[in-house]
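Student:
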Amino acid sequence: MNSNRILNIVLAAYVGVIFTFIFAPILFSVIFSFNSQRFPTIPLGNFSTEWYVKILNDPDIWQAALNSLIVSSSTAVIATILGFCTAYSDFRYNFRFKGPYLALILLPPTIPLIIMALAMLAWLSKLGMSGQLWSIVFAHSVLTAPFAMAIIRLRLNQMDPDLESASWNLGGSEWATMRYVIIPFCKPAIISGLCLAAAVSFDEFAISWFVSGLNKTLPVVILEIVQGNIDPQVNAIGTFVFLISMSLVILAQIFFVYRQMKSTNT
Amino acid sequence: MTKPLVVFKNVQKLFGDFVAVKAINLEIHEGEFLAIMGPSGCGKTTTLRMLAGLEEPSTGKIYMNDQVMNKVKPHERDTPLVWQSLALFPFLTVIENVEFGLKMRGIDKSERKRRALEWLEKLDIIDFSERDISTLSGGQKQRVALARSLVLEPKILLLDEPLSALDAHLVIRMQAVLVQLQRELGITFVYVTHSQSEAFAMADRVVIMGNGEISQVGTPKDIYRSPQNKFVAEFVGRNNILSGTVFSLTNLGAHIETASGTFSVNLKTNKLVKGQKASFVISADLVHLSRSNPEAQNSVHCKLISEEFVGSMVTLFLEDNSNQEFKVQMQERELSKFDLKPDSDIWLSWSAQSAHLLDVS
Chain A
0 MNSNRILNIV
10 LAAYVGVIFT
20 FIFAPILFSV
30 IFSFNSQRFP
40 TIPLGNFSTE
50 WYVKILNDPD
60 IWQAALNSLI
70 VSSSTAVIAT
80 ILGFCTAYSD
90 FRYNFRFKGP
100 YLALILLPPT
110 IPLIIMALAM
120 LAWLSKLGMS
130 GQLWSIVFAH
140 SVLTAPFAMA
150 IIRLRLNQMD
160 PDLESASWNL
170 GGSEWATMRY
180 VIIPFCKPAI
190 ISGLCLAAAV
200 SFDEFAISWF
210 VSGLNKTLPV
220 VILEIVQGNI
230 DPQVNAIGTF
240 VFLISMSLVI
250 LAQIFFVYRQ
260 MKSTNT
Chain B
0 MTKPLVVFKN
10 VQKLFGDFVA
20 VKAINLEIHE
30 GEFLAIMGPS
40 GCGKTTTLRM
50 LAGLEEPSTG
60 KIYMNDQVMN
70 KVKPHERDTP
80 LVWQSLALFP
90 FLTVIENVEF
100 GLKMRGIDKS
110 ERKRRALEWL
120 EKLDIIDFSE
130 RDISTLSGGQ
140 KQRVALARSL
150 VLEPKILLLD
160 EPLSALDAHL
170 VIRMQAVLVQ
180 LQRELGITFV
190 YVTHSQSEAF
200 AMADRVVIMG
210 NGEISQVGTP
220 KDIYRSPQNK
230 FVAEFVGRNN
240 ILSGTVFSLT
250 NLGAHIETAS
260 GTFSVNLKTN
270 KLVKGQKASF
280 VISADLVHLS
290 RSNPEAQNSV
300 HCKLISEEFV
310 GSMVTLFLED
320 NSNQEFKVQM
330 QERELSKFDL
340 KPDSDIWLSW
350 SAQSAHLLDV
360 S
C-alpha cells in the first residue's frame, strides 16, 4: 500500500519532468515573445506586444505565412489522397510483393530529413522543378503520405470486411460503395490524416529550405532572422507556428480517438 | 410444384487447390423456405455467396429465372443477404441503413423514407428509427438487418446463419418472425445454418451438405426418418447406426449380420445382394426399452453408460457387449417407470419398419 503510493509519486514526478523538458522551452519562447526587452534574460521587462506588431507589419512574414499555409494545406490534401489509396489497396487486394510495397511506402519518415532534402533538391533540379512553391508541396507529400496512410489503414483494419460486400449486395456499385461506405467509415481517420500531414508540413524546415528557392515558408524565415541577429520576433513567430501545429495535432487526436471510443462501445 | 427460381447446374468452386463446392446440382423453387445445413467448412456459405454473386463458380452454371447468372455483378442482382455479422453500417442511423439499398437504386428521398418506415413498422423497430446502430440490442440489430434486405422487395432472400449470435430464447422468437414473414411475403428464403433445430423448425426443404457435396435433399421429416447415407445419419444425430453384411434376403426384407447380432430390416427401394456390406439406422426415439428380455426379433442386451437430460426429454447412452453404442430417447416421466441403476440389465428392441437402410457409399 505504502510502496504503491511512493511508486505513484515517483511515476508522476517522472512524467512531470518529461513534460517540463518538452514544454518549458516552448513556454519560455511564448513568455519572451511578450517581453519588452531585446535579450531573453531574467528579470523580465514589461509586458509588450511590440514584437507581434512588428511581425504583423512585415510583408515578408505575411508572405511566408501565406506560403506555409498554401504548402501545408496542399500537402495535406495530396498526402491524404495518396495515403488513402495505399491503405485501401492494402485492405482490398492481395498481391505479390505486398510486404515490400508497404515497407517502401512507410520508408520516407525514416530517412534523415537533411538527406531527403538534399536528394529532393538534386532530383527536382535535374527535372527543372526546384525553386517553386509546389516543389515543397511535392517533397512534403512524399514525407507526410505515410502518416496519413498509417492512420487510415488502422481505421480500415477495424472495418468488418462484410460491410463492403453488403453494400454491393444492396445494389451499390464499386464507386457508390467507395463513396457511401468506405469513405464515410474512414472519415475520422481521413480528417486526422489531413490535420497530421498539415502539421508536419507546416513545421518542416530542412526540405523547405533546400527546395524552396525564394519562396520561404515560416520555419525558413525564422532561421534567416536568427542567423542575422537576436530578435524576439522569432519568439512571436514561433508562438504562432506552435499554436497552429498543436491545434492541428490535437484536432487529429480528437477525431481519431473520439471515434475509436465510440466504435469500441458498440 | 412451382417452377424453379434458381438452378445450380454442376456448380463447382475452387479456391486454389481447395475444392470448396464439388459439382452440385440443386433447384430452388419459388416461395419455398430452403435450409442449407452442414458442418462448418462444408461449402454451404460458399454456395450462398455464389448465389449472391460474391463468388463466381469455377465451373458450371447458376440460373435465375432461366438466365445464366455467373458473370452478373453482385450489385446488379436482386439477391439481398442477411449476414452472419449483420454488416450494418455503423456510421448510419437505423432508418438510413434500411434506406441504403433504395438509395443505391436511385429512389427519391420521400419514397425511400416512406418504404423504410413501413418496414421498420412491420418489424416492430419503428421506435428506434433515428437511433445509432451501436445503441441497439442484438435482437433489434437483427430486425434492422432483415428490414434493410426486405425493403428491396426481392424475390429471394439469402440468410447466412443470421441467428448464430443471439441468445437461445431470442433465436426461438426470431425463428417465428422469419417463418411468419416468409409465409406472408411468399418469397423464397435460402437459409444457411449449421443448426439442425433452426433448419428443421423453419424449412420446407433441407439440403444437407458435407465436404462440398450435397448429401441429401428432402423435407425435415424425410431427412430425420430416412437419412440416405451415413454422413446424414451421423450429422442429424440421435441415430443408432449399425453396420454389417447381408445374411439372407426375403421378399419382405433382409437380415443383416452385425457384431451386435442379426437384425431384420425392411427393404424399400434398396437393392441388396447376399454377402454385401450394409448399414442401417434406427432413430433414437423409435427404440423400446425393457428391463427383461423381450424375446423379440430385433433386440440387444445393453448396459447404461450415461444419460443426458434436456427439459422433458432424456437421451440414454448405452453399450452392448461388442462395444456398439446405442442411443435411446424418451420422455423423462416414461423413463422414471423403469427405475434404472448404473448396473441394471437393459434390453433394447425395435421393429423392422423402424430400421432404415442406408445407401451403400
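If you read the protein sequences in the order shown, they are chains A and B.
Numbering that gives the first Met the number 0 applies: residue 0 is where the first sequence begins, and numbers increase by one.
Numbering that gives the first Met the number 0 applies: residue 0 is where the second sequence begins, and numbers increase by one.
All C-beta atoms, glycine included, are put in the ideal place defined by N, C-alpha and C.
1. Short of 7 Å Cβ to Cβ, which residues in the stretch 159-187 of chain A face chain B?
2. Which word fits A/M245, buried or exposed, when buried means at least 16 other C-beta atoms lie within 10 angstroms of its C-beta?
3. By how many angstroms is the C-alpha of B/T58 removed from the C-alpha of A/E163?
4. Among the candidates B/P3, B/M173 and B/E318, whose CA atom is the shortest distance from the CA of B/K302?
5. Give me the chain A residues within the contact set of B/S84, using Cβ-Cβ distance strictly less than 8 Å, ordered along the chain.
6. With 7 Å as the threshold, decide whether the Cβ of B/M63 is near any Cβ in chain A.
7. So for B/I171, helix, strand or coil by DSSP?
8. Label A/T265 either buried or exposed according to how many other C-beta atoms from any shown protein chain fall within 10 Å of its C-beta, with 16 as the threshold for buried.
9. What does B/G100 touch in chain A if you count any residue whose Cβ is under 7 Å from its own?
10. Could you tell me which chain A residues have their CB closer than 9 Å to the CB of B/F90, listed as they occur along the chain?
11. Once you ignore the five residues that flank A/F266 on each side, which residues in its own chain have a CB closer than 6 Å to its CB?
12. Just confirm the distance between the C-beta atoms of B/A115 and B/V97, as a whole number of angstroms; I'd bet it's less than 8 Å.
13. Determine, for B/L50, whether the minimum Cβ-Cβ distance to residues of chain A falls below 7 Å.
14. Apart from the five residues on each side of it in sequence, which residues of its chain come closer than 7 Å, Cβ to Cβ, to B/S39?
15. What is the rounded straight-line gap between the Cα of B/V205 and the Cα of B/E331?
16. Is there at least one Cβ from chain A nearer than 7 Å to B/R182's Cβ?
17. Report, in whole angstroms, the separation of the C-beta atoms of A/N168 and B/L80, which I expect to be a contact under 8 Å.
18. Which of helix, strand or coil does DSSP assign to A/W50?
19. What residue range is occupied by the uninterrupted beta strand (DSSP E) comprising B/M208?
20. Do the stretch 28-45 of chain A and the stretch 191-202 of chain A touch if we need at least three Cβ pairs shorter than 8 Å?
21. Apart from the five residues just before and just after B/W346, which ones in its own chain have a Cβ nearer than 8 Å to its Cβ?
22. For A/L117, which residues of its own chain have a beta-carbon under 6 Å away from its beta-carbon, when the five flanking residues on both sides are left out?
23. Against chain A, which members of the stretch 194-220 of chain B pass a CB distance test of less than 7 Å?
24. Name the DSSP beta bridge partners of B/R262, please?
25. Strictly by DSSP, which residues pair up with A/N34?
26. Closest by CA to B/A295, which one among B/L271, B/T314 and B/S263?
27. For B/P79, go through chain A and note every residue whose CB falls closer than 8 Å to its CB, in chain order.
28. Just to check my reading of the structure: B/Q83 and B/P161 have Cβ atoms closer than 8 Å, yes? What is that Cβ distance to the nearest angstrom?
29. Please report the straight-line C-alpha distance between A/K215 and A/E203, rounded to a whole angstrom.
30. In or out: B/Y190 buried (at least 16 other Cβ within 10 Å) or exposed?
31. Return no unless some Cβ of chain A is closer than 7 Å to the Cβ of B/R104.
32. Which one of B/L50, B/A34, B/S282 and B/E120 has the shortest CA to CA distance from B/S350?
33. Would you say B/N246 and B/T261 are within 7 Å of each other, going by their C-beta atoms?
34. Using 7 Å as the threshold, is the C-beta distance between B/F325 and B/N239 below it?
35. DSSP three-state call for B/A34: helix, strand or coil?
Tutor: On the basis of the data shown:
1. D159, D161, L162, S164, A165, W167, N168, L169, G170, G171, S172, A175, V180, P183 and F184
2. Counting the other Cβ atoms within 10 Å of the Cβ of A/M245 gives fewer than 16, which makes it exposed.
3. 26 Å
4. B/E318
5. D159 and D161
6. Using beta-carbon distances, B/M63 does not count as an interface residue toward chain A, since no partner is under 7 Å.
7. Helix.
8. Reliability of the predicted coordinates at A/T265 is poor, the pLDDT of 42 falling under 50, and no value is obtained from them.
9. L169 and G170
10. V180, P183, F184 and K186
11. Since the displayed chain A opens at 0 and closes at 265, residue 266 of chain A lies outside it and no answer follows.
12. Contact between B/A115 and B/V97 holds: their C-beta atoms lie close to 4 Å from each other, under 8 Å.
13. no
14. Within the same chain, Cβ atoms closer than 7 Å to the Cβ of B/S39 are found at H193, the five residues on either side in sequence being excluded.
15. So the alpha carbons of these two residues sit roughly 29 Å apart.
16. no
17. Contact flag correct, Cβ pair sits at about 5 Å.
18. helix
19. R204 to G209
20. no
21. L288, S289, R290, S291, N292, P293, S298, V299, H300 and C301
22. Excluding residues within five positions, none has a Cβ falling inside 6 Å.
23. Per Cβ criterion, the list is empty.
24. Arg is not the amino acid found at residue 262 of chain B; the sequence shown has Phe there. DSSP, once it has assigned bridges, lists B/I255 as partnering B/F262.
25. The partner list for A/N34 (beta bridge, DSSP) reads A/F46.
26. B/S263
27. N168 and L169
28. 7 Å
29. 12 Å
30. buried
31. Output row for B/R104: interface = yes.
32. Out of B/L50, B/A34, B/S282 and B/E120, B/S282 has the C-alpha closest to the C-alpha of B/S350.
33. Before going further, note that residue 246 of chain B is Phe rather than Asn in the sequence given. Going by C-beta atoms, B/F246 is nearer than 7 Å to B/T261.
34. yes
35. Judged by DSSP in its simplified three-state form, B/A34 adopts strand.
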